[in-house]
Amino acid sequence: MSMEIRPYLLHALSPLHAGTGQSVGIIDLPIARLRATNIPFVPGSSLKGVLREARRSLPPAEWEALFGPLREVSGAAGDEAREGDHAGALVVGDARLVALPVRSFLGTFAWVSSPLLLELARRDLAGLDGLPGRMKRLPATGARVGAGSITVSPKQRRLLLEDLDLDAQVEPAVDAWARFLSRTWPEEEEGLRERFAVVDDETMSFLLETATQVETRVRIDPDTGTVVQGALWQEESLPAETLLVGVLAAGRSLRRGTELSATEVLERALKGTALLQLGGKATVGRGRCRLAAWPGVSREARP
Amino acid sequence: MSTTARFALLPRDGLFCKDGRGWYTSDVGRSHSHPWPPPSTIRGALRAAWGQSLMARSSRTLSPAQWERETQDVALGPVLALLRPLGEDFAPEHRMWPVPADALAVDGRLQRLLPRRPTRGVATLGTEDDAALEALWRPVLPPGKPRSLQPFWTEDALSGWLRGETPKSRGQSGPPFRVDVRVTLNIDTQTAEPGMLYQTPILEMLCREPLGTGAREWALGLECTLPADAPDFPGGPLGLGGKRRLTLAERVTPALFAAPRGLPERSPGLRLILATPAQFQRGWLPDGLERAEYQGDPAWVGTLPGVEGQVVLRAALVNRPLELSTWDMVQRRARATRRLVPAGSVYFFERVDGRPFTALSTLWLAPWGNGREEGLGRVLPGHWNPEEMNT
Chain B
1 MSMEIRPYLL
11 HALSPLHAGT
21 GQSVGIIDLP
31 IARLRATNIP
41 FVPGSSLKGV
51 LREARRSLPP
61 AEWEALFGPL
71 REVSGAAGDE
81 AREGDHAGAL
91 VVGDARLVAL
101 PVRSFLGTFA
111 WVSSPLLLEL
121 ARRDLAGLDG
131 LPGRMKRLPA
141 TGARVGAGSI
151 TVSPKQRRLL
161 LEDLDLDAQV
171 EPAVDAWARF
181 LSRTWPEEEE
191 GLRERFAVVD
201 DETMSFLLET
211 ATQVETRVRI
221 DPDTGTVVQG
231 ALWQEESLPA
241 ETLLVGVLAA
251 GRSLRRGTEL
261 SATEVLERAL
271 KGTALLQLGG
281 KATVGRGRCR
291 LAAWPGVSRE
301 ARP
Chain C
1001 MSTTARFALL
1011 PRDGLFCKDG
1021 RGWYTSDVGR
1031 SHSHPWPPPS
1041 TIRGALRAAW
1051 GQSLMARSSR
1061 TLSPAQWERE
1071 TQDVALGPVL
1081 ALLRPLGEDF
1091 APEHRMWPVP
1101 ADALAVDGRL
1111 QRLLPRRPTR
1121 GVATLGTEDD
1131 AALEALWRPV
1141 LPPGKPRSLQ
1151 PFWTEDALSG
1161 WLRGETPKSR
1171 GQSGPPFRVD
1181 VRVTLNIDTQ
1191 TAEPGMLYQT
1201 PILEMLCREP
1211 LGTGAREWAL
1221 GLECTLPADA
1231 PDFPGGPLGL
1241 GGKRRLTLAE
1251 RVTPALFAAP
1261 RGLPERSPGL
1271 RLILATPAQF
1281 QRGWLPDGLE
1291 RAEYQGDPAW
1301 VGTLPGVEGQ
1311 VVLRAALVNR
1321 PLELSTWDMV
1331 QRRARATRRL
1341 VPAGSVYFFE
1351 RVDGRPFTAL
1361 STLWLAPWGN
1371 GREEGLGRVL
1381 PGHWNPEEMN
1391 T
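One line per chain: the protein sequences are B and C, in this order. Sequential numbering from 1 applies to the first sequence in our numbering. Sequential numbering from 1001 applies to the second sequence in our numbering.
Right under this line is the structure:
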């Protein structure tokens, strides 16, 4: 086995701004997205930095074995090889969107996913007990919900999302996905199950653009009480309740004198990660997240 | 005892294959990536995975020197670029090939570049001090401004090209890049550390289908030889390219590496297209050829692996060299940069005895030149009629 792998669910408890640091559009501070598919994601480098700080309580040698040694000098001089240099045993993958909370006429909001998002998540979750089967693509614009969904009108069987009006069918696989995702979050199983919906990939593409949270912010001049010239900007976030799936992987410790197996590396990395502060704009309440791995038997090797 | 494994690598989070340009050579904090991972990067990832699996099995930590020694027999065979609709199993029709250098797009359509005998008084190929170089055949360029071609061809397009047919499409664009910006935060001030804001171009492997109907994904198909029997290798994700980005592995069948049906059995001349970059001792000139006289003119004559009899090199359409810089994990320093003949370059041969080439399919993805254990120098055999432009 090359590396052991453990998938995790990242749940945004407040709006999550994992930005790109650059913009060419009308939003000054957009969130990071995959370029070719527009799927929002949280870079693994962002999560690794947060985990590194969250696990400061580890013995220094273990901490360094997990995350790798920190550079002592910034810039080009820091690239020089040092005695005892080693790679960190932990590899943190990007967290990719799996369900986006979208305003719903019924049920307040729905956790909306699509066959493409679920298929990508299936790869990360492969090997876990109870993983639902492949969700077939919807042949036309429409939605699928679980039995007992509170987001569809009982008579007309329609899902009313923002300004989208979608025919909805009951599909057991949707229920199975909601239950599976909520295994990391048992106390909210009912809430997730009754709000989980799967729309076609094209509708999801539209929602990926329109259902994120965009806020306009200003800075006020304390002397005049007006907006400082040029200090008006827009920033985008993934809304609170967004669900993302990512993967942590680990090999044995490569640090001399610190023997840790891949399993031990993962356990140390994940311990105490119930609440994390991810992304930017923390001082205005952004980025409070819950990170949880699936309980039970974890996969040891891919089929 | 060694074993052969075949699988496809699916980079989960995209790929970053940094080229030899450092972070600090031009714009501060900006790196540069290869547009497609060189085979050497893939072999490096396999060796790292093999070393990790050895450590996991033996519960010991390998030193860099042990690691180097115990993984050096991990050899890479053919490497393929693959593009499939999400959810399908890999099949030969998903193979994507580097665009051949003997293709040219002028006035919106593709044309084959056909070498023909040089005539006196034409421009030279070099410094005019190498008679064998000057004697090489060269194509006549059609009038009009050539347009750039897409970097990849589909299986259909390439199979037809090897038979001498011209595809209608100008090819397929490669996976797109996104730019990831990264920063190191100072934990005391929670601000960016000076000089530690940097960006990396990431090759994205997941693309949306045209018209938004689903998605397609790029992957790397490969065949490798391992020094021991390891049926489950890699058995987990690999770290591929810079920053050890996670890459999932999926088993594939030998059929994925087989020659396509319809390759010509016989051909008066031989056209060899490089499917992967090649490393020759004398730069662009294939190994096994020596300067000699043929039909009264200076020429490069010799033998080719897998080809019967002596051959003469008639033409070479070679793209700009690929500068490859790799890292020595034991010495902890960069190895000397190598210049490789890039994939897509095309060589044209005739047999010295004037007989046709036969059994072209045996040359399918055959190795050529140095660096075979790195997957370098794999060739695609094609039909060529030397008289097509010379009668």
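Glycine included, every Cβ here is placed at the ideal spot set by N, Cα and C. Just so we're clear, the structure is a prediction, and the values are computed from it rather than from any experiment.
Asked	Found
Could you say which of B/R219, B/F180 and B/L90 lies nearest to B/A231 if we only look at CA atoms?	B/R219
Provide the residue span of the beta strand (DSSP E) that contains C/E1293, from first to last.	L1289 to Y1294
Step through the CB atoms of chain C and report whether any lies within less than 7 Å of the CB of B/G153.	A small fix is needed here, since residue 153 of chain B is Ser in this sequence, not Gly. Taking Cβ atoms only, chain C never reaches closer than 7 Å to B/S153, which makes this a no.
Would you say B/S298 faces chain C, with C-beta separation under 7 Å as the test?	With a pLDDT of 49 at B/S298, under the threshold of 50, the modelled position of this residue cannot be trusted; read the value that follows with caution. Taking Cβ atoms only, chain C never reaches closer than 7 Å to B/S298, which makes this a no.
DSSP three-state call for C/L1313: helix, strand or coil?	strand
Considering only their Cβ atoms, is the gap separating C/T1225 from C/T1362 smaller than 7 Å?	no
Using 10 angstroms around the beta-carbon of C/G1382, count the other beta-carbons present and answer buried if the total reaches 16, otherwise exposed.	buried
Please list, in chain order, all residues of the same chain as B/S298 whose beta carbon is under 6 Å from its beta carbon, the five residues on each side excluded.	Here B/S298 scores only 49 on pLDDT, less than 50, and its place in the model is too uncertain to base an answer on.
Would the beta-carbon of C/L1076 fall within 7 Å of that of C/G1283?	no
If we count the other Cβ atoms within 10 Å of its Cβ and call it buried at 16 or more, is B/R134 buried or exposed?	exposed
Would you kindly report the start and end of the unbroken alpha helix (DSSP H) that includes B/A54?	G44 to A54
Can you tell me whether B/D163 is buried or exposed, with buried defined as 16 or more other CB within 10 angstroms of its CB?	exposed
Run down chain B in chain order and give the residues with a C-beta less than 9 Å from the C-beta of C/L1086.	L116, E119 and L120
Is C/W1218 near C/L1158, with beta carbons less than 7 Å apart?	no
Identify each residue in the region 1173-1197 of chain C for which the Cβ-Cβ distance to at least one residue of chain B is less than 9 Å, and report them in chain order.	P1175, P1176, F1177, R1178, V1179, D1180, V1181, R1182, V1183, T1184, L1185, I1187, Q1190, E1193, P1194, G1195, M1196 and L1197
With a threshold of 7 Å between beta carbons, is C/P951 in contact with chain B?	Look at the range of chain C in this structure, 1001 to 1391, and you will see that residue 951 of chain C is not part of it.
In this structure, how does DSSP classify B/Q22 when only helix, strand and coil are distinguished?	coil
Let me know if C/K1145 comes out buried or exposed under the rule of 16 or more other beta-carbons within 10 Å of its beta-carbon.	exposed
I want to see whether chain B comes within less than 7 Å of C/C1017, judged by CB atoms only; does it?	no
Indicate the three-state DSSP secondary structure (helix, strand or coil) for B/E267 in the structure shown.	helix
With 16 other CB atoms within 10 Å as the buried threshold, where does C/M1001 fall?	exposed
Tell me, which residues are paired with B/R217 by DSSP?	B/W233
Give the single residue among C/A1131, C/V1179 and C/E1388 whose Cα lies nearest to the Cα of C/F1348.	C/E1388
Using three-state DSSP, classify C/M1055 as helix, strand or coil.	helix
Answer with buried or exposed for C/S1169, where buried requires no fewer than 16 other C-beta atoms within 10 angstroms of its C-beta.	exposed
Counting contacts by CB-CB distance shorter than 7 Å, is B/G127 in contact with chain C?	no
Going by beta carbon distance, what residues of the same chain come within less than 6 Å of C/G1377, once the five residues before and after it are set aside?	A1278, P1367, W1368 and G1369
What residues of chain C sit near B/G93, judged by a beta carbon separation below 9 Å?	R1012, D1013, P1237, R1245 and L1246
How do the region 7-18 of chain B and the region 1137-1156 of chain C stand: do at least 3 beta-carbon pairs fall below 8 Å, yes or no?	no
Between which residues of its own chain and C/R1305 is the CB-CB distance below 8 Å, once the five residues before and five after are set aside?	What sits at residue 1305 of chain C in the sequence shown is Pro, not Arg. The residues are G1288, A1366, P1367 and W1368.
Flag this pair as yes or no: are the beta carbons of C/T1184 and C/E1193 separated by less than 7 Å?	yes
In angstroms, rounded to a whole number, what distance separates the CA positions of B/E300 and C/G1235?	In this prediction, B/E300 scores a pLDDT of 44, lower than 50, which makes its location untrustworthy; the coordinate-derived value is nonetheless stated afterwards. So the alpha carbons of these two residues sit roughly 9 Å apart.
Find the residues of chain B that neighbour C/R1332, judging by a C-beta separation of less than 8 Å, and give them in chain order.	A81 and D85
Return helix, strand or coil for B/H11, following the three-state DSSP convention.	strand
Name the chain E residues that come within less than 7 Å of C/R1208, Cβ to Cβ?	Absent here is chain E; the protein component of the structure consists of chains B and C.
Given 8 Å as the limit, is there contact between the region 235-247 of chain B and the region 204-213 of chain B, that is, 3 or more CB pairs closer than that?	yes
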